[in-house]
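At position 181 of the sequence shown the residue is numbered 182 (my numbering), and the sequence of numbers has no breaks. Cβ atoms here follow ideal geometry from the backbone N, Cα and C, with glycine treated the same way. See structure below.
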Amino acid sequence: MSATTADGGDNAGGIRAVSRAWRVLRAFTPDRMSLSLADLVRETGLPRTTVLRLVDTLAGEGLLEVGADAQIRVGTSLIAFAAFAESAWAVPAASLARMRALAAETGETVSLYVREGTRRVVVGQAPSPNTLRHAVQPGDELPMTVGSAAYVLLGMEPEAELDGLIARIVADADAGDTAGTADAGEIREGVALATSQGWSLTHGQREAGNSGLAVPVRFPDARRPARTVVLALGGPTVRFTEDKIPGFVHAVRRCAEDVARTGLPPALY
């Protein structure tokens, strides 16, 4: 993932045109599949002439298309990308079944997270059976500044690299690239507690009234994925009562052990 600065500039370490094209594509969502040029300029923060050139280029590759009404829509070339992405990031059936069993057992949403730069990404999920539940979806990017999953992920990083990584996370948050509290000391405290306990519990850090509990997914060397992975339980704080936490920790740990055996999305290997 390419970083952006607060004023909309691109990461100087990457290829600027690619980063900007990606920002144009990311302006489209399942709820916004048709945008005007003005919409794209507003959403990307890029100059109008730049957006025009990018739209023309992406339309030439079939990634976007411009209708007779001047509305810009996603193109047919994305169909192949979507099929590939679905295959690459599909959670193996046995692992998904185990996550769904945990969601049914606890009544809370179960998610798999990996770190992507200074953010964490949901790569698999089993939703809570309850109407009132944790509202994130596979593919969502969340901050690494707060939250149990962030602390456990950071606790799995090499100690020699941790201070530098936390500094980058805080810098991105201060630049407006990541939502949430940007305090290196608080992050360090959260990581230290997660490391000493082997799990992390947080209440209302990312969103008021929402709690999360996360544990690392540990693999034998022969099956170790390319990234560190955590398994997290998320839901309303009113259901994360003190008497339930020991049972939640035990249940999530057992599920993490099972997922380590049954496997992760192919793209992680």
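Can you pull the DSSP bridge partners for residue i?
| i | result |
| --- | --- |
| Glu117 | Arg120 |
| Thr110 | Gly235 |
| His1 | No information on residue 1 is available, as it lies outside the stretch 2 to 270 that the chain covers here. |
| Ser96 | Per DSSP, none; premise fails for Ser96. |
| Val75 | Leu65 |
| Glu142 | Val122 |
| Leu36 | Ile73 |
| Leu202 | Leu214 |
| Ala127 | Val111 |
Is it right to say residue i is buried, meaning 16 or more other beta carbons lie within 10 angstroms of its own, or is it exposed?
| i | result |
| --- | --- |
| Pro48 | exposed |
| Pro266 | buried |
| Gly210 | exposed |
| Val25 | buried |
| Gln126 | buried |
| Ile80 | exposed |
| Arg121 | buried |
| Phe249 | buried |
| Phe29 | buried |
| Met145 | buried |
| Arg21 | buried |
| Ser35 | exposed |
| His204 | exposed |
| Val111 | buried |
| Ala13 | Annotation note: pLDDT 46 at Ala13 (below 50); position unreliable, coordinate value reported separately. The residue in question, Ala13, is exposed, as its Cβ has fewer than 16 Cβ neighbours within 10 Å. |
| Leu143 | buried |
| Thr77 | exposed |
| Asp173 | buried |
| Cys256 | buried |
Taking the beta strand (DSSP E) that residue i falls in, what are its first and last residues?
| i | result |
| --- | --- |
| Arg229 | According to the sequence provided, residue 229 is Thr. The question's Arg does not apply to it. Where Thr229 is concerned, there is no enclosing beta strand (DSSP E), given that its DSSP letter is neither H nor E. |
| Ile188 | Where Ile188 is concerned, there is no enclosing beta strand (DSSP E), although the alpha helix (DSSP H) it sits in stretches over Ala185 to Gln198. |
| Gly213 | Asn211 to Val218 |
| Thr30 | Counting along the chain, Thr30 falls outside any beta strand (DSSP E), and DSSP gives it neither H nor E. |
When the Cα atoms are used, what is the spatial distance from residue i to residue j?
| i | j | result |
| --- | --- | --- |
| Leu59 | Glu258 | 43 angstroms |
| Ser37 | Ser197 | 51 angstroms |
| Leu194 | Ser88 | 36 angstroms |
| Ile167 | Val137 | 24 angstroms |
| Gly274 | Leu113 | Because the chain spans 2 through 270 in this model, residue 274 falls outside it and cannot be assessed. |
| Gly264 | Ser96 | 6 angstroms |
| Asp178 | Val124 | Residue confidence is low: Asp178 scores 49 on pLDDT, short of 50, so the model does not pin down where it sits. Its coordinate-derived value is still stated next. Straight-line Cα distance between these residues: approximately 21 angstroms. |
| Leu154 | Trp200 | 10 angstroms |
| Gly191 | Leu55 | 42 angstroms |
| Glu1 | Val230 | Only positions 2 to 270 of the chain appear in this structure, which leaves residue 1 out of reach. |
| Ser149 | Thr50 | 42 angstroms |
| Arg254 | Arg262 | 13 angstroms |
| Ile246 | Asp222 | 30 angstroms |
| His251 | Gly108 | 15 angstroms |
| Glu106 | Leu234 | 11 angstroms |
| Val19 | Tyr152 | 31 angstroms |
| Val42 | Leu103 | 43 angstroms |
| Phe241 | Val75 | 41 angstroms |
| Val52 | Gly46 | 9 angstroms |
| Pro130 | Arg17 | 43 angstroms |
| Gly165 | His135 | 31 angstroms |
| Tyr286 | Ala71 | What is shown of the chain runs 2 to 270, which leaves residue 286 out entirely. |
| Arg224 | Arg33 | 39 angstroms |
| Glu44 | Arg207 | 23 angstroms |
| Ala39 | Gly68 | 15 angstroms |
Under DSSP, the alpha helix (DSSP H) around residue i begins and ends at which residues?
| i | result |
| --- | --- |
| Pro247 | Ile246 to Thr263 |
| Gly156 | Ser149 to Gly156 |
| Glu243 | No alpha helix (DSSP H) contains Glu243, which DSSP labels as neither H nor E. |
| Leu269 | It is not in any alpha helix (DSSP H) - Leu269 carries neither H nor E in the DSSP assignment. |
| Asp222 | Segment: none, Asp222 is in no alpha helix (DSSP H) and carries neither H nor E. |
| Ala172 | Glu160 to Asp175 |
My guess is that residue i and residue j are in contact by the Cβ rule of under 8 angstroms, so how many angstroms apart are they, rounded?
| i | j | result |
| --- | --- | --- |
| Arg99 | Val218 | Incorrect: roughly 12 angstroms between the Cβ atoms, too far for contact. |
| Ile73 | Leu64 | That pair is no contact at about 11 angstroms. |
Any C-beta of chain C sitting closer than 9 angstroms to the C-beta of residue i?
| i | result |
| --- | --- |
| Leu26 | Here there is only one protein chain, and chain C is not present. |
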